[in-house]
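Q:
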Amino acid sequence: MAKKAMIEREKKRQKLVEQYAAKRAALKEIANDESKPMEERFKARLKLAKLPRNSSPTRLHNRCQLTGRPHAYYRKLKISRIALRELGSNGQLPGMVKSSW
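Counting from 16, one number per residue, gives the positions in the sequence shown under my numbering.
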């Protein structure tokens, strides 16, 4: 049950990142613009800090679509090494044969 929760949490974060991307970019541009007055740049930083934490792209993490595992993730397949091995052993991945001796 916890696996599904982590996958759903990651999807929720992805939505928030997409939703706030434009606003976040605009505020960062103001905050980093040296030609603007210091007070205006500081206000932009405060507004940026008030945005939801999960709307930051650095909060995203690659997770296996089957198990929710965050480590040993294959980007092209979007699954972890453990899920890949399991699917290969069961013959559910076309073109992949797991050797055993």
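Yeah, the Cβ is synthetic: ideal placement off N, Cα and C, and Gly gets one too. Owing to the predicted nature of the structure, the values given are computational and were not obtained by experimental measurement.
1) Would DSSP call S70 helix, strand or coil?
2) Pull the bridge partners of S95 from the DSSP assignment, please.
3) In terms of residues, what are the limits of the alpha helix (DSSP H) holding R78?
4) Is S104 helix, strand or coil when you go by DSSP?
5) DSSP state of K43, grouped into three classes?
A: In short, the structure shows the following:
1) DSSP places S70 in helix when its eight states are reduced to three.
2) In the DSSP assignment, the residues bridged to S95 are Y88.
3) Neither: R78 is in no alpha helix (DSSP H) and is coded neither H nor E.
4) Correct three-state label for S104: helix.
5) Reduced to three states, the DSSP call for K43 is helix.
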